[in-house]
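Engineer: Residues in the sequence shown are numbered consecutively from 142, following the numbering used here. Heads up, the beta-carbon is just placed ideally off N, CA and C, and yes, glycines get one too.
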Amino acid sequence: MLGLAAAGALALRQADASDDDDDDDEDQDNSGPGGGGDDDGGGDSSGGDNHSGHDGDDDDDDDDGDGDDDVIITGTVPTGAVEIRIVDDDADGFSPGTVTVDVGAAVTFVNADDDAHTATGAGFDTGIIQPGGDVTVVLDTPGTWFYACLIHPEMTGTIIVRDASSAVTGATPNATPGATPAAATPTGSGGTTVAIRDFAFEPPEITIPAGTTVSWENADAAPHTATGDDGVFSSGRIDAGAAGTATFDEVGTFAYRCEFHPDMLGTIVVT
Ligand SMILES: [Cu+2]
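Right, here's the structure in full:
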């Protein structure tokens, strides 16, 4: 009886252990197509432990790459999709930073970093992509689509979507409301400046007379834009330390935002 009980307990433990193995095997099967060094996760349970360990580490931004080798890529990039890898949490985190695709193309973001990220812009939003995870978006509108990581706003990228004739059209609109043709000289001194600092327009709202040219000066390390809702005007991409302008000839109230960081909001009131 005693021996039987012991054997039963042993069998039970073995069953538990094999259950665990099954789970790990499934994880490994999923990660297999990621290829390359992912197989290093070979120690079944240690691979799982590492993974959950990383989840706990998500708040530490500063593992400079040393943790990257431990990220197990799950899932696969769909056939024909363009892959953008997330490799770090800084300005070069999206690799490549700019891609050009045909309209209707699928783009897969693969998070090879050990922090969670997003790729979020006016045209699409992946939502949170956990370490090792991937999200595919389909780009069915031609144009130039800026995006950034909501968690690490310095991380930015650009996807240029060609139209059906493979032309790059609908690039960032540079229209300005009722803009004076370039040759015309605005009456009055006509210029005013809005600073972009710490991911905000400063001041967020200005009132200007018609004919004023607004210059946005980017004091941040990340690129920004000042883009009117519905694309009614745009500064275009403003890199760190650079400025972009738009001229306002029409009376009205123009709300705008940053295409990279859509929660950066501003308003131009033209009187
Ligand atoms: Cu921005």
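Could you say which of ALA360, THR353 and PRO350 lies nearest to ALA336 if we only look at CA atoms?
Structural biologist: Of the candidates ALA360, THR353 and PRO350, the one whose C-alpha sits nearest the C-alpha of ALA336 is ALA360.
Engineer: Taking only the alpha-carbon atoms, compute the straight-line gap between TYR288 and VAL218 and give it to the nearest angstrom.
Structural biologist: 20 Å
Engineer: Is ASP404 helix, strand or coil by DSSP?
Structural biologist: coil
Engineer: With DSSP as the reference, identify every bridge partner of LEU280, one or two as the case may be.
Structural biologist: According to DSSP, LEU280 bridges with ALA246.
Engineer: Could you tell me which residues DSSP puts in a beta bridge with ILE270?
Structural biologist: HIS258
Engineer: Under three-state DSSP, which class holds GLY369?
Structural biologist: strand
Engineer: DSSP three-state label for GLU391, please.
Structural biologist: coil
Engineer: Comparing the CB of CYS399 with every heavy atom of ligand 1, is any distance shorter than 7 Å?
Structural biologist: yes
Engineer: Does any C-beta atom of chain B lie closer than 8 Å to the C-beta of VAL223?
Structural biologist: Annotation note: the requested chain B is absent from the structure, which comprises a single protein chain.
Engineer: Which residue or residues does DSSP assign as beta-bridge partners of GLU224?
Structural biologist: THR249
Engineer: Over the uninterrupted beta strand (DSSP E) stretch that includes GLY298, give me the two end residues.
Structural biologist: 297 to 303
Engineer: Give me whichever residues DSSP pairs with ILE347 in a beta bridge.
Structural biologist: ILE347 pairs with ILE409.
Engineer: Please classify PRO272: is it buried, with 16 or more other beta-carbons within 10 angstroms of its beta-carbon, or exposed?
Structural biologist: Counting Cβ neighbours within 10 Å, PRO272 comes out buried, since at least 16 surround it.
Engineer: With DSSP run on the structure shown, which of helix, strand or coil describes CYS399?
Structural biologist: coil
Engineer: Which whole-angstrom value is the C-beta distance of ASP275 and THR249, which I expect to be below 8 Å?
Structural biologist: 5 Å
Engineer: If you reduce the DSSP assignment to three classes, tell me which class ARG338 lands in.
Structural biologist: In the displayed model, ARG338 falls within a strand according to three-state DSSP.
Engineer: Mind checking ASP339: buried by the 16 CB within 10 Å criterion, or exposed?
Structural biologist: exposed
Engineer: Cβ of ALA363 versus every heavy atom of ligand 1: is any distance shorter than 7 Å?
Structural biologist: yes
Engineer: Would you kindly report the start and end of the unbroken beta strand (DSSP E) that includes THR217?
Structural biologist: Careful: THR217 lies outside any beta strand (DSSP E) and carries neither H nor E.
Engineer: Can you name the start and end residues of the beta strand (DSSP E) that SER356 belongs to?
Structural biologist: Start and end: 353 to 359.
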